[in-house]
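Down below is the structure, laid out as structure tokens.
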Amino acid sequence: MNNGNLFAQVLKQENRHNPYPLYAQLRETPVSIQDDGTYVVSTYAEIRSLLFDPRVSSDEEKNLASKSGSEVSSSNEHPNQDEFRSFPVYDPPDHDRLRSIVVNQFTAERIYGLRSWVEELVKDELDKSRERDQIDIVDDFAYPLPVTVICKILGIPFEDEEFFHEKSTVIATSADPDPSGQNKRRSKEARSQLGDYLHQHIKKLRQHPGKDLLSAIMASGDLEAGRISEQELVAMSVILLIGGHETTVNLITNGMLTLLRYPEHLERLRQDPDLAPRFVQEVLRFEPPVQFRTRTTLADIEIAGTVIPKGVPLVLMLASGNRDPLHFNDPDRFDPDRQNNQHFSFGGSLHLCIGAPLARMEGELAFRALAQRLQSPRLIEDVLQYRQGASLRGPKHLLVKVDAVIDA
Ligand code: HEM
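Following this line, the structure appears as structure tokens:
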């Protein structure tokens, strides 16, 4: 196959169920230029190097700026200013200023303080399926769990879930490259609606602060001191709500699917639930919820014998790096005993996922409970439909037959 066409193949919905052979072909050329001018980086060492390279920007509007002939700036000027963009797509110094405000409140204490509540939530969600012999792991479990958790963290009423589920599904597809701009326009509109909703929510919290993260940010004095504007706080809450939505669902679903495909591992986990953190780590490497991230170059960058020019779109194929045989021994084997399992599934460097400890905790508690409580779980069929979007990858539904859901 023409190497310049491989990324277009990855984006096709028909290849969603198994993109890994395409990644193996991509790795034959660590940095490959695609027919549309995008540079795709698919090998571990090169991805790592570019994740840490300050000449690589997360702000694709800098790419737009270079196309329209204006100077590619290293500061945060946004030619197409979108008021609900937030720090994940900014570069320093704005990125670091805003990130530190969340990190100061998204503390280990706050996350681990929720552990027994999340454990109880996992139990309650599975209790709802007690009378059933068939479960949809997505709708009945993997979706409601992280959504309820992020709502609690942000102090958002769960009753409004239907509204923001719809918006967040639209926004999630904009993680893919979108030459027509259609997804980006729809995503901008959805972010704006979600932003309006969260703006109202923040106003209410101002009047009646709670124990949630947003109230804590407002109480920290960062707003008054001008370290964050109200608009930036709203945009940040949109990102946290989406981040808490779309990814952990895929972690739990991809994990259960993997365990059903490798029943010997499911049995091992059932017998020794303390292995769950290792399983989470390996599921993240093996079936990453976020398959790739897009970037823009701020300068010519020479890497692996190729010069990536300034101002071009770049794709860091995280999921391919996770399967690079030059870094991982026997990478296509699911092996929770793997040592030094340093994958890219939470990114790396400046943009390393803020929600990683929370997602790991949810994944661990979910896998423990699923392994212990589902009696003889088996896939109804292993032909799955995947949700729209190549970057945030996960099945739409995962139907599982069970003999019973036993009591916790
Ligand atoms: C299994 C679940 C998750 C996965 C696989 C995941 C993956 C990622 C990845 C790959 C990045 C790096 C993006 C980049 O470099 O461009 C990232 C960043 C981020 N994640 Fe997550 N994430 C998960 C859960 C969460 C949760 C639960 C939250 C929020 C509560 C969250 C919030 C964020 C934020 C705010 C960033 C941006 C950090 C920055 O730019 O400084 N994530 N995540």
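According to my numbering, the sequence shown is numbered sequentially starting from -5. Think of the CB as a built atom: it goes at the ideal place given N, C-alpha and C, for glycine as much as any other residue. Note that this is a predicted model, so its numbers are computed, not measured.
Exposure of residue i, with buried meaning 16 or more beta-carbon neighbours within 10 Å
{"i": "L251", "result": "buried"}
{"i": "N323", "result": "exposed"}
{"i": "N98", "result": "exposed"}
{"i": "I236", "result": "buried"}
{"i": "E71", "result": "Low confidence applies here, because E71 scores a pLDDT of 41, under 50, leaving its location unreliable; read the following figure in that light. With fewer than 16 Cβ atoms within 10 Å of its Cβ, E71 is classed as exposed."}
{"i": "A184", "result": "buried"}
{"i": "R264", "result": "buried"}
{"i": "F11", "result": "Sequence check: residue 11 is His here, not Phe. Counting Cβ neighbours within 10 Å, H11 comes out exposed, since fewer than 16 surround it."}
{"i": "N248", "result": "buried"}
{"i": "S36", "result": "buried"}
{"i": "V50", "result": "buried"}
{"i": "E114", "result": "exposed"}
{"i": "T101", "result": "exposed"}
{"i": "K56", "result": "buried"}
{"i": "P282", "result": "buried"}
{"i": "G204", "result": "exposed"}
{"i": "R381", "result": "buried"}
{"i": "L320", "result": "exposed"}
{"i": "S168", "result": "buried"}
{"i": "K146", "result": "buried"}
{"i": "Y106", "result": "exposed"}
{"i": "R124", "result": "exposed"}
{"i": "D154", "result": "exposed"}
{"i": "D134", "result": "buried"}
{"i": "P73", "result": "Model confidence at P73 stands at a pLDDT of 36, short of 50, so the residue's coordinates are unreliable and nothing is read from them."}
{"i": "D85", "result": "buried"}
{"i": "E358", "result": "buried"}
{"i": "V4", "result": "buried"}
Distance CB(residue i)-CB(residue j) smaller than 9 Å
{"i": "P15", "j": "R387", "result": "no"}
{"i": "S339", "j": "E226", "result": "no"}
{"i": "P171", "j": "T23", "result": "no"}
{"i": "T291", "j": "V309", "result": "no"}
{"i": "H239", "j": "L278", "result": "no"}
{"i": "E117", "j": "A402", "result": "Correcting the residue identity first, residue 117 is Lys in this sequence and not Glu. Yes, these two residues count as a Cβ contact at 9 Å."}
{"i": "S370", "j": "V396", "result": "yes"}
{"i": "L392", "j": "A166", "result": "no"}
{"i": "I246", "j": "I131", "result": "yes"}
{"i": "F361", "j": "L253", "result": "yes"}
{"i": "V143", "j": "E356", "result": "yes"}
{"i": "D311", "j": "I95", "result": "It is worth fixing the name first, because residue 311 is Met in this sequence and not Asp. No. Outside cutoff."}
{"i": "D30", "j": "P173", "result": "yes"}
{"i": "G(-2)", "j": "I41", "result": "no"}
{"i": "Q366", "j": "P330", "result": "no"}
{"i": "P271", "j": "R332", "result": "no"}
{"i": "I196", "j": "V243", "result": "no"}
{"i": "L120", "j": "A363", "result": "yes"}
{"i": "N335", "j": "Y38", "result": "no"}
{"i": "R104", "j": "L217", "result": "no"}
{"i": "Y17", "j": "S214", "result": "no"}
{"i": "R221", "j": "R91", "result": "yes"}
{"i": "I348", "j": "R179", "result": "no"}
{"i": "D266", "j": "R21", "result": "no"}
{"i": "T241", "j": "P140", "result": "yes"}
{"i": "F328", "j": "R262", "result": "no"}
Residues that residue i bridges to, as DSSP identifies them
{"i": "V309", "result": "V34 and T288"}
{"i": "S26", "result": "V34"}
{"i": "L373", "result": "V394"}
{"i": "T300", "result": "I297"}
{"i": "L386", "result": "V284"}
{"i": "D134", "result": "Note: D134 sits in no beta bridge, so no partner."}
{"i": "Q128", "result": "K395"}
{"i": "L368", "result": "V399"}
{"i": "Y14", "result": "DSSP, once it has assigned bridges, lists no residue as partnering Y14."}
{"i": "Y191", "result": "Answer by DSSP bridge pairing: none, since Y191 is not bridged."}
{"i": "Y380", "result": "P389"}
{"i": "V50", "result": "T291"}
Nearest-angstrom beta carbon gap, residue j and residue i [assumed within contact, 8 Å]
{"i": "V83", "j": "D53", "result": "6 Å"}
{"i": "F152", "j": "Y191", "result": "Between Y191 and F152 the Cβ distance is about 14 Å, and since that is not below 8 Å, they are no contact."}
{"i": "H89", "j": "L344", "result": "6 Å"}
{"i": "Q187", "j": "K161", "result": "6 Å"}
{"i": "Q285", "j": "S385", "result": "5 Å"}
{"i": "S43", "j": "I297", "result": "6 Å"}
{"i": "L378", "j": "V394", "result": "Wrong, their Cβ atoms sit about 12 Å apart, outside the cutoff."}
{"i": "Q19", "j": "L0", "result": "6 Å"}
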